[in-house]
Amino acid sequence: MIATRRQTYFLSDIHLGLDYEGETSAERERLLVDWLMSIEDTAAQVYFLGDIFDYWFEYGEGRQPDYPLFFQQLRTMVGLGIDIRFFTGNHDLWMNDYFPKEYNITIHRTPLIMRLGEKTFFLAHGDGLGKGDIIYKALKRVMTHPLAQWLYGLLPAQLGLSLMRSVSQKSRQGHELESFRSLEEERMVDYCERHPDKDSIDFFILGHRHLPIRYQLQQSSAEYINLGDWIKYKSFASFDGEQLRYDFLQGNHSEDLITN
Ligand SMILES: [Mn+2]
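Mapping the sequence shown onto numbering that gives the first Met the number 0, position 20 (from 1) lands on 19, and the numbers just tick up by one.
Printed below as a string of structure tokens:
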């Protein structure tokens, strides 16, 4: 069989490491890997738009959190010539050179504007974009400073990781997984509406919100897509060079897609 790899896939907020409402991280990892295997023959590129991991720290020498099925599948896909990109999210800000070195995966730490086929994409995790969130933005500036990571690295690995796990859980209780406000109140929609390049962008694809959203921006042909998550929705988007599709792994959440 000749594989025709021309699809680009987008997903985010998988939060490996988190057990949530009756689904363990290992079960979620299995579903993810099965899905990744199912797109091996069609995927040219896979964009993971952040919060792939619920917490992440690289202690070196193979002492980072380990998701063996997922990591093996990444290796297989990269070996097949599939271009895999990781964006850092607020839960996995501290990705360094483990994935570039071990798996030949490119890491993006800032939003990316790129062209695929005839369309222009804006890609980002979405944390700290738009108005407000002053405290988080300041915290992010501290957290992304190499000194903060270096200091954290001084903690014993087990303590460092369990601390991260608990902070991670708190942040979720605080502002993630909350229900949808009106689109006008959605900070990331507002960010896209005001983006200076809005007229030249076709798709703003973001994560972070944990809600499946496909929204036509005002007075523009651009769409704002939120990728949902793999905790509740198991949602993803794909692009074949012309059309963008929004899908759900188990097909039973399609009615949850928020549109205008
Ligand atoms: Mn998230």
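Ideal placement from N, C-alpha and C gives every residue a C-beta, glycine not left out.
query, result
"Buried or exposed for HIS144, going by 16 or more other Cβ atoms inside 10 Å?", "exposed"
"For THR3, collect the residues of the same chain with a Cβ closer than 6 Å to its Cβ; drop the 5 residues on either side in sequence, then sort them by chain order.", "none"
"Between LEU210 and ILE81, what straight-line distance do the alpha-carbon atoms span, to the nearest angstrom?", "27 Å"
"Between the C-alpha atoms of ALA43 and ARG186, what's the straight-line distance to the nearest angstrom?", "31 Å"
"Specify, as a first and last residue, the run of the beta strand (DSSP E) that ILE212 falls within.", "211 to 215"
"In the DSSP output, what is THR119 paired with across the bridge?", "ARG114"
"Could you please go through the chain and list the residues whose beta-carbon is closer than 5 Å to any non-hydrogen atom of ligand 1?", "ASP12 and ASP50"
"What is the DSSP secondary structure of GLN242, counted as helix, strand or coil?", "coil"
"Does the contact criterion of 3 or more C-beta pairs under 8 Å hold for the segment 124 to 136 versus the segment 94 to 103?", "no"
"Would you report the Cα separation of LEU153 and GLN249, rounded to the nearest angstrom?", "42 Å"
"Assuming contact is defined by CB atoms lying nearer than 8 Å, are ARG208 and GLY125 in contact in what I supplied?", "yes"
"What are the boundary residues of the alpha helix (DSSP H) that includes ALA25?", "24 to 37"
"For ARG265, tell me which candidate among MET76, MET142 and VAL32 has the shortest Cα-Cα distance.", "In the structure displayed, the chain extends from 0 to 259; residue 265 sits before or after that span and is not available."
"Just to confirm, are ARG74 and TYR102 a CB contact at a threshold of 8 Å?", "yes"
"Measure the alpha-carbon distance for GLU26 versus HIS14 and round it to whole angstroms.", "12 Å"
"Following the continuous alpha helix (DSSP H) through TYR262, name the residue where it begins and the one where it ends.", "The structure shown has nothing for residue 262, since the chain only spans 0 to 259."
"What's the C-alpha gap between TRP193 and LYS136?", "Position check: residue 193 holds Arg in this sequence, whereas Trp was assumed. Those two C-alpha atoms are separated by around 19 Å."
"Note down, in chain order, each residue of its chain lying with its Cβ closer than 7 Å to the Cβ of LEU256, except the 5 sequence neighbours on either side.", "PRO211, ARG213 and TYR245"
"Taking GLN63 and SER237 to be in contact with their CB atoms under 8 Å, please state how far apart those CB atoms are, rounded to whole angstroms.", "About 29 Å; that fails the 8 Å criterion."
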